[in-house]
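Reviewing the structure listed below.
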Amino acid sequence: MLTIGLTGGIGCGKSAVSDLFEQLGVPVIDADKVAREVVTPDQPALALIVDRFGSGVLQADGTLDRSALRLIVFDDPQARAELESILHPRIRQRMRQRLGALRAPYSILSIPLLLETRQTDSVDRVLVVDCTEAVQIARVCLRDHATEEQAQAILAAQSSRAEKLKAADDVIDNSGPWELLHPQVEALHRFYLEQADSYNED
Numbered sequence: 002m003l004t005i006g007l008t009g010g011i012g013c014g015k016s017a018v019s020d021l022f023e024q025l026g027v028p029v030i031d032a033d034k035v036a037r038e039v040v041t042p043d044q045p046a047l048a049l050i051v052d053r054f055g056s057g058v059l060q061a062d063g064t065l066d067r068s069a070l071r072l073i074v075f076d077d078p079q080a081r082a083e084l085e086s087i088l089h090p091r092i093r094q095r096m097r098q099r100l101g102a103l104r105a106p107y108s109i110l111s112i113p114l115l116l117e118t119r120q121t122d123s124v125d126r127v128l129v130v131d132c133t134e135a136v137q138i139a140r141v142c143l144r145d146h147a148t149e150e151q152a153q154a155i156l157a158a159q160s161s162r163a164e165k166l167k168a169a170d171d172v173i174d175n176s177g178p179w180e181l182l183h184p185q186v187e188a189l190h191r192f193y194l195e196q197a198d199s200y201n202e203d
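Start counting the sequence shown at 2; every next residue gets the next number (this note's numbering).
Shown next as structure tokens:
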């Protein structure tokens, strides 16, 4: 099955794009959603995280306090690498299992850190949702109640806009209003169906 890797910087609108593909009947496997699944209290990853980072990363009900954990690892590359060593293999395994169970012309793997985690080889095409950095910062500040400095720090921790565009096979421009997304998604959907026919014949 043809597999599309959907990515883009924070605030670019990846979720809006993946929602539109889902409305067209395309199966979407979202790495962010899977990441939340693998740290529920019944999963071994949560115990490993508590062993490494302490019980302060838990909320009163025993679930993961994602904000507290984010504060610990954001400015500590070693801590972030240790967290990723716990999470990433489990996330990838679960996504592969779900991908293997699908029956569709093509599917979308929504992976925000597709480039940073070097997973481009695991997809057939890379779709980047793009917008200007000024728009990203404005959206992050509005959505997350972040300061401009905080938003810029988040952008700096991700691969650059230029790096994403260089890796892209396809690009959706989301610098403008939401209603401009739909025709772009529909056009790509038709293109991917054509590509899927050729792919499946091969």
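A virtual CB, placed ideally from N, CA and C, is assigned to each residue, including glycine.
Which same chain residues, not among the five before or five after residue i, have their C-beta less than 6 Å away from its C-beta?
i     : result
GLY63 : PRO42
VAL74 : ALA80, ARG81, LEU84
Identify, in the order they occur along the chain, each residue of the same chain with its Cβ nearer than 7 Å to the Cβ of residue i, setting aside the five sequence neighbours on each side.
i      : result
VAL39  : ALA46, LEU88, ARG91, ILE92, ARG95
ASP66  : VAL58, LEU59, GLN60
VAL141 : ILE11, GLY12, ALA147, ALA152, ILE155
Less than 9 Å separating the beta-carbons of residue i and residue j?
i      : j      : result
LEU7   : PHE22  : yes
ILE50  : ARG126 : no
ARG162 : GLU134 : yes
LEU100 : SER108 : yes
PRO106 : TYR193 : yes
LEU25  : GLU187 : yes
In whole angstroms, what is the alpha-carbon distance linking residue i and residue j?
i      : j      : result
LEU114 : ARG37  : 15 Å
GLY12  : ARG191 : 26 Å
VAL27  : ALA102 : 14 Å
ASP52  : ASP174 : 42 Å
VAL29  : ALA197 : 15 Å
LEU143 : VAL136 : 11 Å
VAL172 : ALA61  : 42 Å
ASP122 : GLU164 : 16 Å
PHE54  : LEU70  : 8 Å
SER86  : VAL35  : 15 Å
ARG104 : LEU189 : 20 Å
SER176 : SER68  : 28 Å
TRP179 : GLN185 : 11 Å
GLU195 : VAL124 : 17 Å
ASP76  : SER56  : 20 Å
GLN159 : ALA48  : 27 Å
GLN44  : ASP145 : 28 Å
Answer with buried or exposed for residue i, where buried requires no fewer than 16 other C-beta atoms within 10 angstroms of its C-beta.
i      : result
GLN120 : buried
ASP31  : buried
LYS15  : buried
GLY9   : buried
SER199 : exposed
ILE72  : Going by the sequence as given, residue 72 is Leu instead of Ile. LEU72 should be labelled exposed.
LEU182 : buried
ALA152 : buried
Taking 8 Å as the cut-off, does the CB of residue i come closer than this to any heavy atom belonging to the ligand HEM?
i    : result
GLY6 : In terms of ligand content, the structure shown is empty, and the ligand HEM therefore cannot be addressed.
In chain order, what residues of the same chain have a beta carbon less than 8 Å from the beta carbon of residue i, not counting five sequence neighbours either side?
i      : result
ASP33  : SER111, PRO113
ILE138 : GLY12, GLU149, ALA152, GLN153, LEU156
Cβ contact check for the stretch 9-19 and the stretch 124-139: 3 or more pairs under 8 Å
yes
Taking 8 Å as the cut-off, does the stretch 104-121 touch the stretch 164-177 (at least 3 CB pairs, one atom from each stretch)?
yes
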